[in-house]
Amino acid sequence: MVSEYPNCTYEGCDIEDVTNKRLSLKQTNFRIGNVLQGLPYPDNSFDFVHMRLLILAFKVEEWPVAIDEILRVTKPVHAACQSRGQDPRIALKLKQMVSENKQARSVKTDYRSVDMASNTMAAKRFIWDWIETVKSMLPVVGSRMGLESQKDQAAYFRELQYGLTHSDAYTYMNAVVAVKA
């Protein structure tokens, strides 16, 4: 991951110090800890948490404890939007919000999905939308992502566009229409 995302910082944690002493990565830190006894990190420390090679490490009844602990140190979903006072799932609430408004009547909704790899005009427009949305978030998340320079940002957006167009990525859209009473 370090070679793929060199501008991020990484924390490693294990019950034994298993780090490669010949490797010195400036953006990597290591701590000794046991997920079953509590990890040595505060709540909501990480954007992404990865556990691996633990299938044979835990008893069945220990898995809920391990899962609870990794979720404790993981930041809530949509932290960037929340820091801006936004709700990324507002589209799911708009029909109810509009319906509850006394000025609205005849509220109708439509739901669509767009395959981002389809190369259709709709997919191209949504890819542009997503890239512009992420650009607008850079003042909040850019430094956390290590995207300080124009060069780093340009590389990130090329990778984002490639990922959107070469994976099973979909955009889902809700439309709400109403007539003013």
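For the sequence shown, full-length UniProt numbering assigns the number 1 to the initial residue and increments by one for each residue that follows.
Even glycine gets a Cβ: it sits at the ideal position worked out from N, Cα and C.
Just so you know, these numbers come straight off a predicted model, no measurement behind them.
Check: If you follow the alpha helix (DSSP H) that V108 is in, where does it begin and where does it stop?; Outcome: For the record, residue 108 in the displayed sequence is Lys; it is not Val. Careful: K108 lies outside any alpha helix (DSSP H), inside the beta strand (DSSP E) at 104 to 115.
Check: When you compare the segment 166 to 181 with the segment 105 to 122, are there three or more beta-carbon pairs, one atom per stretch, that lie closer than 8 angstroms?; Outcome: yes
Check: In chain order, which continuous runs of the beta strand (DSSP E) of length 3 or greater are located wholly inside the UniProt domain "Methyltransferase type 11" (12 to 76)?; Outcome: 28 to 32
Check: Closer than 6 angstroms by C-beta to R31: which residues in its own chain qualify, once you throw out the five before and the five after it? Chain order, please.; Outcome: C13, P40
Check: 8 angstroms is my cut-off, CB to CB: does S3 come that close to chain C?; Outcome: Absent here is chain C; the protein component of the structure consists of one chain.
Check: To the nearest angstrom, report how far apart A66 and V60 are at their CA atoms.; Outcome: 11 angstroms
Check: Under the rule that 16 or more other beta-carbon atoms within 10 Å means buried, what is I127, buried or exposed?; Outcome: buried
Check: Considering only the alpha carbon of each residue, which of V140, D47, K124 lies closest to G86?; Outcome: Note that residue 86 corresponds to Gln in the displayed sequence, not to Gly. Per the Cα distances, V140.
Check: Starting from Y5, follow its DSSP beta bridges and name the residues at the other end.; Outcome: In the DSSP output, where bridge partners are listed per residue, Y5 has none listed.
Check: Can you give me the Cβ contacts of V49 inside the same chain, cut-off strictly under 7 angstroms, excluding the 5 residues immediately before and after it?; Outcome: I70, V73, T74
Check: To the nearest angstrom, report how far apart L54 and T19 are at their CA atoms.; Outcome: 17 angstroms
Check: Measure from the alpha carbon of Q161 to the alpha carbon of each residue in G142, E100, A123, then state which is nearest.; Outcome: A123
Check: Cα-Cα, which of Y10, R22, G33, K95 is closest to Y111?; Outcome: K95
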